[in-house]
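*Asks:*
Chains as they are written, first to last, in the working numbering: chain P, 40 to 133; chain B, 5 to 388.
(1) Which residue marks the beginning of the alpha helix (DSSP H) containing residue 356(B), and which one marks its end?
(2) Compare the C-beta of residue 5(B) against all C-beta atoms of chain P and say whether one is closer than 8 Å.
(3) Of all the beta strand (DSSP E) runs that stay within the bounds of the region 202–227 of chain B, which reach a length of 3 or more residues?
(4) Please list, in chain order, the residues of the region 99–113 of chain P that have any C-beta partner in chain B closer than 7 Å.
(5) Can you pull the chain P residues whose beta carbon is under 7 Å from the beta carbon of residue 222(B), in chain order?
(6) Which whole runs of the alpha helix (DSSP H) in the region 238–311 of chain B are 4 residues long or more, in chain order?
(7) Under a three-way DSSP split, which group does residue 109(B) fall into?
(8) Residue 102(B) to residue 52(B), Cα distance in whole Å?
(9) Please list the terminal residues of the continuous alpha helix (DSSP H) segment that includes residue 92(B).
(10) Verify whether the separation of the beta carbon atoms of residue 232(B) and residue 167(B) is less than 8 Å.
(11) Suppose you measure from the CA of residue 110(P) to the CA of residue 46(P); what does that come to, to the nearest Å?
(12) Suppose you measure from the CA of residue 154(B) to the CA of residue 160(B); what does that come to, to the nearest Å?
(13) Answer with yes or no whether the minimum CB distance from residue 381(B) to chain P is below 8 Å.
(14) Which same chain residues, not among the five before or five after residue 57(P), have their C-beta less than 7 Å away from its C-beta?
(15) Assuming residue 93(P) and residue 291(B) form a contact by the criterion Cβ under 8 Å, report the distance between their Cβ atoms to the nearest whole angstrom.
(16) Measure the CB-CB distance between residue 39(B) and residue 13(B) and report whether it falls below 8 Å.
(17) Is it right to say residue 372(B) is buried, meaning 16 or more other beta carbons lie within 10 angstroms of its own, or is it exposed?
(18) Are there 16 or more other CB atoms within 10 angstroms of the CB of residue 205(B), so buried, or fewer, so exposed?
(19) Shortest alpha-carbon distance to residue 271(B) belongs to which of 265(B), 250(B) and 278(B)?
(20) Considering only C-alpha positions, which residue in the set 84(B), 112(B), 333(B) and 347(B) is nearest to residue 211(B)?
Printed below as a string of structure tokens:
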């Protein structure tokens with residue numbers, strides 16, 4: 040998995056699978072939300088997402104951070120829909 | 005210290021490899037009082053055989069001997085035991101021989117002719133290295149024993165908490181209820197409970213703690229323990245079972261026990277034959293699949309976001325039980341495992357396999373045929 044950010048947009052390529060991926064995503068987003076109340080996360084390739092990442096994103100919403108999750112893979116969209124997270128995490132199909 | 009070392013000597017077996025009969029006799033006289041057992045060989049080949057036949061702790065060998073010389077024998081012995089102390093007796097000190105001896109980790113050299121005092125000095129050094137090795141091995145062995153003990157007792161604990169009232173009977177109303185629980189580690193984030201409340205009511209809980217390892221397992225076990233306690237209370241007091249009350253109580257219980265970012269995914273299903281309904285609350289779990297009396301497979305999707313320390317509200321929906329013929333609920337370890345030789349997960353196949361399978365055995369065969377390498381904990385409960 041690789042991650043990059045520009046302004047308040049985080050772009051993730053590769054599969055989100057390992058615990059270390061969650062730690063990298065958290066570190067990147069934590070830096071952004073120090074100066075911004077909103078963050079747009081683009082997940083361009085991943086077919087899965089770890090529960091730790093879901094927990095972290097849910098907590099951001101609870102803290103009042105505006106998040107948008109732009110997801111490209113249909114399988115991941117279906118998975119997030121099955122998990123009832125589309126509305127909470129403001130998920131959009133890319 | 006000296007007395008301690010001499011006690012250690014008496015626990016060790018020595019192998020003496022020497023082609024001169026007189027020297028062998030000197031070794032026997034000297035070592036039989038010091039060591040537990042003295043084994044002798046008259047050349048390198050015989051020395052190797054004695055080493056293989058006996059439990060040898062230390063070796064003294066002459067370099068120059070017929071058949072295998074001391075180094076050739078040591079090379080073979082090192083293939084079997086890389087650390088046994090080997091003392092080489094020689095009058096030669098050629099560069100080639102020394103180089104090879106260093107590569108073979110020969111413990112020390114003894115120049116012929118040698119005195120008893122020089123021999124003891126070298127032996128004492130070798131025995132100290134044996135003591136260190138033994139201490140390390142003892143410590144490792146204790147760690148392994150402790151770890152095995154911990155794993156055993158932890159798994160026994162998990163088995164108590166992961167309670168299944170239908171383990172033997174396997175009957176949930178008119179269904180056969182089977183569970184497959186294949187954790188990757190002793191401490192798994194997956195846990196489940198199947199409780200018979202009375203003849204007409206059953207409760208199923210399947211939980212998947214966030215992340216992996218001990219934290220996820222502790223949370224899953226806490227939830228399971230609490231739910232068991234709560235259900236027991238309801239049964240003992242003959243209270244009417246209410247999923248709403250259970251969830252309310254669980255939220256209050258679990259809130260102070262979760263980490264800031266921790267979430268919990270879980271199925272809660274209350275089967276009630278009196279009302280012919282299943283009340284369910286699903287918190288970000290893979291969908292429950294079910295079939296009515298047609299060929300169609302339906303999904304019971306999550307009606308709640310994950311359980312978190314800040315969860316205040318929840319939704320309970322109802323499914324009618326009357327036409328239900330088959331149902332499966334599972335943690336994400338099942339559907340997220342990758343299918344062999346492909347780039348897709350088992351999620352693509354689960355619906356099809358569920359439709360085909362008429363028993364847990366059939367479903368297990370279909371799923372394990374596709375998932376050869378289990379990447380995550382697998383737990384599922386199948387009603388057929």
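Don't be surprised by glycine CBs; every beta carbon is placed ideally from N, CA and C.
These numbers were taken from a predicted model, which means no experiment stands behind them.
*Replies:* Straight from the coordinates:
(1) Counting along the chain, the unbroken alpha helix (DSSP H) around residue 356(B) starts and ends at 351–360.
(2) With a pLDDT of 45 at residue 5(B), under the threshold of 50, the modelled position of that residue is not reliable, and no figure is offered here.
(3) 205–213
(4) 101
(5) Those within 7 Å of residue 222(B) in chain P number zero; the least Cβ separation is about 15 Å.
(6) Fully enclosed alpha helix (DSSP H) runs of 4 or longer: 247–258.
(7) Coil, per DSSP.
(8) 21 Å
(9) Counting along the chain, residue 92(B) falls outside any alpha helix (DSSP H), though it belongs to the beta strand (DSSP E) covering 90–94.
(10) Taking 8 Å as the Cβ cut-off, residue 232(B) and residue 167(B) qualify as a contacting pair.
(11) 19 Å
(12) Cα to Cα, residue 154(B) sits roughly 10 Å from residue 160(B).
(13) no
(14) none
(15) No, residue 93(P) and residue 291(B) are not in contact; Cβ-Cβ is about 16 Å, not under 8 Å.
(16) yes
(17) The Cβ neighbour count for residue 372(B), taken over all protein chains shown within 10 Å, is under 16; the residue is labelled exposed.
(18) buried
(19) 250(B)
(20) 333(B)
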